[in-house]
Each structure stands twice: as C-alpha cells, then as structure tokens.
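The structure under discussion appears below in the form of structure tokens.
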C-alpha cells in the first residue's frame, strides 16, 4: 500500500511539473548540478542589487545556463581549482520578465535608493545610452554569465577594482583607474574565460558570453526557480 502511495505521488509530481527537470526547457541545466563546487551569489534573487529588491521572475537563488555554456564553465572552474581558486556566480540565465523589470525601474527617476552604491557618477536617465541596461539582454539567451574569482580556501573574492554591477568607467576592461594587482586579477579571469570559449563584454569585467551560444536569436522567459 505504501509503495502504491509513493508511486501516485511521483506521478502527480510529474504531471504537475514539480520535478526540477520540468522547470527547464531542453538543453538547459542547473549550474550547481553540473559543477557542485562552484559558488552562487545570485544577486537578483535578493536585495543586494541595483534595484534594491528581488527582481521579477527570480523565485529562487539558483543559476541556470544552456548545457554547452555550463560545460565550458566547468572547464574554467577546473582550471581555476588547479590554481587554488574557485568561481562565484552572480547571475546566469535571466528571464525577459526580469529585464522588463530593469526597464521599468530605469524609467522611474524618483527611485534612486541604490545610486550611492551602484551608479554614483552616472545619471539614471543615461543607463540605457551607456549600455548598462538594455531592452534585450544576452543573459536571456541562456549562455551569458556574470562571475568573479574567489580563493577556494578562504572564500574571499579577488579584488577586481569595482563591485559587481557597478555602473561606471572603473568597471570597464580598459580602465586606468585600478591598481596593477586588480588589473592582474581581471586578466586572470579574462584569460581563462577566453581560453574556454567565452568572449568578454568591454564595459563590464564580470560579463561573459559563450562564443558559440546555442540560441543566439532566442530570448527565453521561463522563471528562475
């Protein structure tokens, strides 16, 4: 009787989409399942981000990527682990609904709660023009990642010269506003990411996209959960 009950519960979970696999379209995976020792700090699932609150469609602090991007990221992680480092992920796949939330926030000039921390020298009205916010994001195609490097033993992030999602020149790859050590840390990340098939975004040291991404023209909108 007990076995029959478990079978019925399993069938119900499948039919109602409660199994984890049912949350994702084909060829998408949870990063942690593929790379268990990677660290996650999914900022848009909480309030430590430039909006100052959880972003729409981020229902859980999990990282999702296309399978090819995850496989390439695993190679990056292995390279870094051999040197005593580890990857920390800030964001991966991003639903279009979340991007729409960014757009709504950017169009509200009265909401400057996070300005001092994330964009002290940039006018909020200029965030679109300067390329910090877009109506379509590469993240929604499922093969773009925001990340940094941390010490595998201490868990301390390497000093990159600016924080994640800081909107300003100091976050650009070609900035002259950072120290030699900070530049070397960025170069380490950039070199290993490029080696394993990712391309950098000039304005954001943390942002990389798989060169041969599987869905270059598709913008997904399933929730992060």
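Numbering (our numbering), first residue to last: 1 to 225. Even for Gly, the Cβ is constructed at its ideal location relative to N, Cα and C. Quick caveat, the model's predicted, so the values are computed rather than measured.
(request) Quick one: using the 10 Å Cβ neighbour count with 16 as the cut-off for buried, is residue 37 buried or exposed? (result) Locating residue 37 in the chain shown gives position 37, counting from the first residue. Under this definition residue 37 is an exposed residue.
(message) Can you tell me whether residue 154 is buried or exposed? The criterion is at least 16 other CB atoms within 10 Å of its CB, across all chains shown.
(response) Stepping through the chain shown from its first residue, residue 154 is reached at position 154. By the neighbour-count rule (16 or more Cβ atoms within 10 Å), residue 154 is not buried but exposed.
(request) Look at the Cβ atom of residue 170, then the Cβ atom of residue 180, and state whether they are nearer than 7 Å. (result) Numbered from its first residue, the chain shown carries residue 170 at position 170. Numbered from its first residue, the chain shown carries residue 180 at position 180. Going by C-beta atoms, residue 170 is not nearer than 7 Å to residue 180.
(request) May I have the straight-line CA-CA distance separating residue 149 from residue 189, to the nearest angstrom? (result) Working through the chain shown from its first residue, we reach residue 149 at position 149. Working through the chain shown from its first residue, we reach residue 189 at position 189. If you take the alpha carbons of residue 149 and residue 189, they lie about 7 Å apart.
(message) Going by beta-carbon coordinates alone, are residue 172 and residue 213 separated by less than 7 Å?
(response) For the purposes of this step, residue 172 is identified with residue 172 of the chain shown, where counting begins at 1. For the purposes of this step, residue 213 is identified with residue 213 of the chain shown, where counting begins at 1. No, Cβ-Cβ distance for residue 172 and residue 213 is not below 7 Å.
(request) Using a threshold of 7 Å, state whether the C-beta atoms of residue 98 and residue 55 are closer than that. (result) Mapped onto the chain shown, residue 98 falls at position 98. Mapped onto the chain shown, residue 55 falls at position 55. Yes, they are a contact pair.
(request) State the DSSP-derived secondary structure class of residue 61, mapped to helix, strand or coil. (result) By 1-based counting over the chain shown, the position of residue 61 is 61. It is coil, neither helix nor strand.
(message) Contact between the stretch 103-116 and the stretch 61-74 is defined here as three or more beta-carbon pairs at a separation below 8 Å; is this criterion met?
(response) no
(message) Just to confirm the assignment: which complete alpha helix (DSSP H) runs, minimum length 4, are found wholly within the stretch 70-154?
(response) 96-106 and 115-118
(message) For residue 225, tell me which candidate among 61, 129 and 34 has the shortest Cα-Cα distance.
(response) The residue labelled residue 225 in the question sits at position 225 within the chain shown. Checked all of 61, 129 and 34; the closest Cα to residue 225 is 61.
(message) Taking 7 Å as the threshold (C-beta atoms), are residue 196 and residue 72 in contact?
(response) Numbered from 1 along the chain shown, position 72 holds the residue referred to as residue 72. Numbered from 1 along the chain shown, position 196 holds the residue referred to as residue 196. Closer than 7 Å, so yes.
(request) Take residue 198 and list the residues in its own chain whose beta-carbon comes closer than 7 Å to its own, dropping the five residues that flank it on each side. (result) Residue mapping note: residue 198 aligns to position 198 of the chain shown, counting from 1. Hits under 7 Å: 72, 208, 209, 210 and 211.
(message) Tell me which residue opens and which closes the beta strand (DSSP E) that residue 204 is part of.
(response) The residue given as residue 204 occupies position 204 in the chain shown. From DSSP, the beta strand (DSSP E) with residue 204 extends over 204-210.
(message) Just to confirm the assignment, what range does the alpha helix (DSSP H) spanning residue 186 have?
(response) Along the chain shown, read from residue 1 onward, the residue named residue 186 stands at position 186. It spans 180-195 - the alpha helix (DSSP H) in which residue 186 sits, taken as one unbroken run.
(request) Excluding the 5 residues preceding and the 5 following residue 34 in the sequence, name in chain order all residues of the same chain whose CB lies nearer than 7 Å to its CB. (result) For this step, residue 34 is matched to residue 34 along the chain shown. These residues qualify, in order along the chain: 70 and 74.
(message) Could you pull the DSSP bridge partners for residue 199 from this structure?
(response) To locate residue 199, count along the chain shown from 1; it is residue 199. Looking at the DSSP assignment, residue 199 forms a beta bridge with 209.
(message) Spatial neighbours of residue 200 within its chain, please: C-beta separation below 8 Å, excluding the five flanking residues on both sides.
(response) Along the chain shown, one-based indexing puts residue 200 at 200. Within the same chain, residue 200 has close Cβ partners 173, 190, 193, 194, 207 and 208.
(request) Identify which residue in 157, 163 and 142 has its Cα closest to the Cα of residue 218. (result) Taking the first residue of the chain shown as position 1, residue 218 is located at position 218. Selected option, being the one with the closest Cα: 142.
(request) Within 10 angstroms of the Cβ of residue 138, are there 16 or more other Cβ atoms? Answer buried if so, exposed if not. (result) Against the chain shown, residue 138 aligns to sequence position 138. Classification of residue 138: buried, given that the 10 Å Cβ count is 16 or more.
(message) Can you tell me whether residue 243 is helix, strand or coil according to DSSP?
(response) Lying before the first or after the last residue shown, residue 243 is absent from the chain, which here runs from 1 to 225.
(message) Please list the terminal residues of the continuous alpha helix (DSSP H) segment that includes residue 32.
(response) Residue numbering aside, residue 32 sits at position 32 when the chain shown is read from its first letter. Taken as a continuous stretch (DSSP letters only), the alpha helix (DSSP H) holding residue 32 covers 31-34.
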